[in-house]
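What follows is a single structure, written as structure tokens, with notes after it.
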Amino acid sequence: MNVARETGSEARDLTTGRAPFIEEARDRGDLFIDQPYESYSTENQSTWRRLYEGMLPKWKRFAHPHFLEGVECLSLDPSRVPRLEDVNDFLSPLSGFKSKAVSGYVPAYLFFDSLRRREFPTTITIRDGRQLDYLPEPDIFHDLAGHVPMHTDRTFSNVLVRFGEVARTAARQSASISDPQQRLRSIESVVKAMARFFWFTVEFGLMKSPNASSNDYDNPDNLCVIGSGLLSSQGEIEHSILSPDVQRYPLQLEWVVNQYFEIDHYQPLLFVAESFDHLYDEVDRLERWVLEGRLNNVSPGEPLVNEQDLQSFLEAETA
Ligand SMILES: [Fe+2]
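If you count by our numbering, then the sequence shown holds residues 19 to 337, one letter each, in order.
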């Protein structure tokens, strides 16, 4: 009788929330890990294929043309979970970026500082095949198919690096505040502002279409999608552009840094950047605001900045 026995790290399953390899890495305290490719189960591979098949026509219809070029450049295999090293072979010559596998949540400063070094912390587990649409936690489809194609674009990749530089500026700025309570309050507020800005651009941003005839953002023809949360959700990508229930406004820094958001449902409010250069200029402005202290007391509310995030800024090496 042939009985396959799967135990411990040998078990073939890299489904979000039930991946023995990931649990063991976390238990050891390993944040950066390898991608144990043989651990993807047949079901994991099938989930990738179904997600990719479902997204491709929506990308063609709603995604920014540079995203579609990125998908081409990376030669993502529609039928199998990609190997990070293969993706990096295509990606690095284009923008210097690399995907690095992680075991889970990356505290805020470490995350932004990875971007500064052109390294993208990448989740390697994949969602449960019974829940294909948007889920709050990232998975490899969100990270590799939703984020990484945009990293092939030079200007967009420079925007991510600028985010990392802003985080470093924020850590330096806070280190100069002598009162510990005031310092904590300032970090918490600045991290909240950065997380909001990142959310409404890199994760859920819209952009004026290169073929737009005007700035009328009620007209879907003038819009396209650049945010990875939208680019990895079969339902929300279409909803973001077509639904009359979504409010779409030109990107405004003063609004975005004060706007709370919730992660467990489709976004009711989205912002439209003019161009990648516009986005870059706004991240520049974000850094000026850090230096001027304008982000030290932003509006309260989501997202919550947890202890690990605060600690990561307090312990940041900014030399
Ligand atoms: Fe993301």
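Just so it is clear, CB atoms sit at the ideal spot from N, CA and C, and this is done for glycine as well.
Just the C-alpha distance for residue 285 and residue 151, rounded to the nearest angstrom, thanks.
-> Within the sequence shown, numbered from 1, the residue matching residue 285 stands at position 267. Within the sequence shown, numbered from 1, the residue matching residue 151 stands at position 133. Residue 285 and residue 151 have their C-alpha atoms roughly 14 Å apart.
Excluding the five sequence neighbours on either side, which residues of its own chain have a C-beta within less than 8 Å of the C-beta of residue 37, listed in chain order?
-> On the sequence shown, residue 37 is found 19 positions in, with the first residue counted as 1. Same-chain partners within the cutoff: 31, 57 and 143.
Does DSSP put residue 120 in a helix, in a strand, or in coil?
-> Here the question's residue 120 lines up with position 102 in the sequence shown. Residue 120 falls in the strand class under three-state DSSP.
Would you identify the three-state DSSP class for residue 312, choosing helix, strand or coil?
-> In the sequence shown, counting from the first residue as 1, residue 312 sits at position 294. Here DSSP, grouped into helix, strand and coil, assigns residue 312 to coil.
Beta-carbon proximity check, residue 311 vs residue 249, cutoff 9 Å = If you number the sequence shown from 1, residue 311 lands on position 293. If you number the sequence shown from 1, residue 249 lands on position 231. Result no, Cβ atoms of residue 311 and residue 249 do not sit closer than 9 Å.
If you run the structure through DSSP and keep just helix, strand and coil, what is residue 238?
-> Position 220 of the sequence shown, counting from 1, holds the residue named residue 238. It is helical.
Can you tell me which of the three DSSP states residue 127 falls into?
-> As a working mapping, residue 127 is identified with position 109 in the sequence shown. In this structure, DSSP gives residue 127 a helical state, which the three-state scheme calls helix.
Beta-ladder partner(s) of residue 291, from DSSP | Stepping through the sequence shown from its first residue, residue 291 is reached at position 273. Answer is 225, bridged to residue 291.
Cα separation between residue 103 and residue 319?
-> Counting from 1 along the sequence shown, the entry for residue 103 is found at position 85. Counting from 1 along the sequence shown, the entry for residue 319 is found at position 301. Residue 103 and residue 319: Cα-Cα distance of roughly 39 Å.
Which of helix, strand or coil DSSP assigns to residue 158 = Against the sequence shown, residue 158 aligns to sequence position 140. Three-state DSSP puts residue 158 in a helix.
Is residue 246 near ligand 1, going by C-beta to nearest heavy atom under 8 Å?
-> Position 228 of the sequence shown, counted from the first residue, corresponds to residue 246. Yes.
Under 9 Å, do residue 70 and residue 159 count as touching if we go by C-beta distance?
-> Reading the sequence shown from its first residue, position 52 is the one you call residue 70. Reading the sequence shown from its first residue, position 141 is the one you call residue 159. Between residue 70 and residue 159, the C-beta spacing is below 9 Å.
Return helix, strand or coil for residue 280, following the three-state DSSP convention.
-> Taking the sequence shown and counting its residues from 1, one reaches residue 280 at position 262. In this structure, residue 280 counts as coil in the three-state DSSP scheme.
Taking three-plus beta-carbon pairs below 8 Å as touching, is the stretch 41-60 in contact with the stretch 118-125?
-> yes
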